[in-house]
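Here our numbering is used: position 14 in the sequence shown is 204, and no number is missing along the way. Even for Gly, the Cβ is constructed at its ideal location relative to N, Cα and C. Only one structure is covered here, and it is reproduced in the block below.
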Amino acid sequence: MLGILALLALIGCVICWILVLIKIFQNDGALKGILGLICSLFAFIWGWMNAGRLNIKNIMMAWTVLLIIYAILAAMSGGFSYSYGTPT
191 MLGILALLAL IGCVICWILV LIKIFQNDGA LKGILGLICS LFAFIWGWMN AGRLNIKNIM
251 MAWTVLLIIY AILAAMSGGF SYSYGTPT
């Protein structure tokens, strides 16, 4: 159940990332937009740096909260644990 909730939080993160990518392409051009497409961390930092100017504080706040929720739920559901060796 926690894995499904983590997946929903991750889908919300992707939606916020796409919204910020649209703003990057509109305001800073294709080069930075492609960089944000390749590296979502760049898009996240760019979004917070320009949140006040572009009036996207709500999107960035939602993205930040969803990232924190995703990390917590993924850790609680064992999403970060990998077993090596022979299966039992």
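Start and end residues, alpha helix (DSSP H) containing Cys206: Translated into the one-based positions of the sequence shown, residue 206 becomes position 16. It spans 192–218 - the alpha helix (DSSP H) in which Cys206 sits, taken as one unbroken run.
Whole-angstrom distance between Ser267 and Leu209, CA atom to CA atom: Counting from 1 along the sequence shown, the entry for residue 209 is found at position 19. Counting from 1 along the sequence shown, the entry for residue 267 is found at position 77. If I take the Cα positions, the gap works out to 28 Å.
Secondary structure of Gly268, DSSP reduced to three states: For the purposes of this step, residue 268 is taken as the residue at position 78 of the sequence shown. Gly268: coil per DSSP, three-state reduction.
Spatial distance of Leu195 from Ser230 (CA atoms): Reading the sequence shown from its first residue, position 5 is the one you call residue 195. Reading the sequence shown from its first residue, position 40 is the one you call residue 230. If I take the Cα positions, the gap works out to 21 Å.
Simplified DSSP assignment, three categories, for Asn245: The count along the sequence shown starts at 1 and reaches residue 245 at position 55. Correct three-state label for Asn245: coil.
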